[in-house]
Ligand code: SF4
Ligand code: SF4
């Protein structure tokens with residue numbers, strides 16, 4: 001009997017307390033961000049619209065290696081490679097179908113040249129699905145994105161555009177395999 | 001004299017007709033307004049905004065929803081029992097609106113001044129069960145049937161305490177007439193001497209119109225939408241508005257029976273009535289925001305093992321006091 005009375009009391013008071021606590025929420029700040037008027041803060045590494053960046057010299061970073069395309073879990077990147085007269089690879093077309101992209105960022109991780117980068121922008125809504133397919137001209141920006149000062153060809157050990165092997169930054173001369181001298 | 005009816009009688013008929021229309025429109029509009037109010041208040045208590053885009057403070061959201069619901073396909077499942085399926089949502093609207101007829105909004109604003117007003121109310125709210133049962137049965141759908149069975153059990157058992165809790169009020173007023181009951185509260189509102197009755201009536205009323213926490217009939221998580229699973233378009237809208245009409249009705253009843261109806265200083269009677277009723281409407285919404293739904297057996301046990309003895313005890317004690325005083 002005593003137990004039952006205690007139970008009844010604690011149950012009743014817990015219900016009343018819940019009601020009171022819920023009512024006190026009238027005086028709390030609301031958590032909603034009123035989106036179109038009030039923009040949310042997006043951190044710089046937010047995974048949004050994808051861009052192709054340039055190196056500090058203004059040349060395209062992408063070398064059309066297709067690693068991003070391979071890494072992409074939904075296969076929404078298509079790259080066609082071509083070469084310029086110095087033998088440097090670059091993409092002839094670079095196409096991302098944003099209606100399939102899941103903004104996972106794997107392409108950015110896979111890219112050896114920091115060319116492809118995700119940006120804090122998600123306002124890409126379209127009425128026509130075809131408009132979600134971005135071509136290279138839509139993707140290529142004139143800045144360096146999140147990696148200022150990085151130029152793949154200045155550090156890569158590849159002979160391209162007049163720069164020979166061993167001439168890159170922090171790179172030793174190639175080993176002469178025909179000599180026995182240390 | 002026209003057709004053997006005196007001018008006086010004609011006047012009273014016209015006045016009653018106008019009052020009827022005003023009450024009808026007023027209660028339906030109030031029920032419709034409850035929808036945006038509920039959504040905004042739930043938002044407030046859950047630290048969000050709720051609909052705030054259409055019209056000032058989102059008040060026109062209900063109009064937009066109404067337009068949408070009118071243009072929805074009004075679909076009757078081919079396996080349903082058509083006549084019963086169509087009539088079910090009409091019953092709930094009909095019975096709830098009929099109940100408004102006996103509520104005294106002010107001294108002079110009562111459509112039907114019945115001397116058995118409370119019995120009429122209870123009868124009408126009992127008839128409301130048919131709506132739910134018909135809807136569940138005619139839908140020919142497991143979830144609808146389960147939902148309507150629960151509702152029937154819930155409504156029938158909670159009606160018992162609802163009626164019993166009102167007996168105390170009737171004993172104090174010495175009348176079944178709602179106007180007399182309000183008048184009897186001039187000295188002291190019934191909520192003070194009849195506090196247990198008020199609590200029981202409020203809980204039973206909540207169960208009667210199956211609002212949260214007693215919304216087992218339409219427990220979304222387990223029964224899809226309960227008895228109105230198969231309904232769409234305006235028929236669903238009628239169930240929806242019927243539920244809000246129920247809130248308005250129970251709030252009006254609580255005001256009339258326990259909080260002195262139109263009585264109050266300074267302001268006109270109607271304003272007092274409206275303010276009191278509105279407070280309880282908001283309280284219903286607060287209950288929905290705050291409480292959790294009990295299990296079905298808990299609901300039944302709570303009703304029969306807790307509320308029924310308290311209600312009986314209340315009647316016995318009130319009766320004894322009334323007899324001792326007279
Ligand atoms: S973010 Fe993910 S899905 Fe989108 S293009 Fe890059 S790898 Fe593909
Ligand atoms: S964006 Fe990067 S990973 Fe993709 S093709 Fe160009 S260089 Fe390769």
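Protein chains in written order, with the UniProt record's numbering: chain H, 1 to 182; chain U, 1 to 326.
Cβ atoms here follow ideal geometry from the backbone N, Cα and C, with glycine treated the same way.
- Of the candidates H:47, H:123 and H:35, the residue whose Cα lies closest to the Cα of residue 117 of chain H is H:47.
- Within the segment 31-111 of chain H, the complete beta strand (DSSP E) segments at least 3 residues long are 50-52, 77-83 and 89-97, listed from N- to C-terminus.
- Scanning U:146, U:36 and U:188 for the CA closest to the CA of residue 55 of chain U turns up U:36.
- Per the coordinates, the alpha-carbon of residue 134 of chain H lies some 11 Å from the alpha-carbon of residue 101 of chain H.
- Residues of chain U whose Cβ lies closer than 8 Å to the Cβ of residue 23 of chain H are, in chain order, 45, 286 and 290.
- Residue pairing by DSSP puts residue 133 of chain H in a beta bridge opposite H:97.
- Within 9 Å of the CB of residue 48 of chain U, the CB atoms of chain H belong to 30, 31 and 32, in sequence order along the chain.
- Between the beta-carbon of residue 188 of chain U and that of residue 34 of chain U there is about 30 Å, and that puts the pair past the 8 Å contact cut.
- By the criterion of at least three beta-carbon pairs nearer than 8 Å, the segment 97-111 of chain U is in contact with the segment 177-185 of chain U.
- Neighbours of residue 26 of chain H across chain U, judged by C-beta separation under 9 Å: 41, 44 and 45.
- For residue 137 of chain U, the closest alpha carbon among the candidates U:80, U:161 and U:91 is that of U:80.
- For residue 166 of chain U, the enclosing alpha helix (DSSP H) starts and ends at 142-173.
- Among the residues facing chain U, residue 74 of chain H is not included, as its CB has no counterpart in that chain under 8 Å away.
- The continuous beta strand (DSSP E) containing residue 117 of chain H extends over residues 116-118.
- Taking a contact to require three or more Cβ pairs closer than 8 Å, the segment 135-154 of chain U and the segment 279-294 of chain U do not qualify as touching.
- CA-to-CA, the gap between residue 262 of chain U and residue 67 of chain U works out to about 35 Å.
- Between residue 303 of chain U and residue 38 of chain U, the alpha-carbon positions lie close to 27 Å from each other.
- Only residues of its own chain outside the window of five on either side were considered, and among them 54 have a CB closer than 6 Å to the CB of residue 60 of chain U, listed in chain order.
- DSSP links residue 163 of chain H through a beta bridge to H:160.
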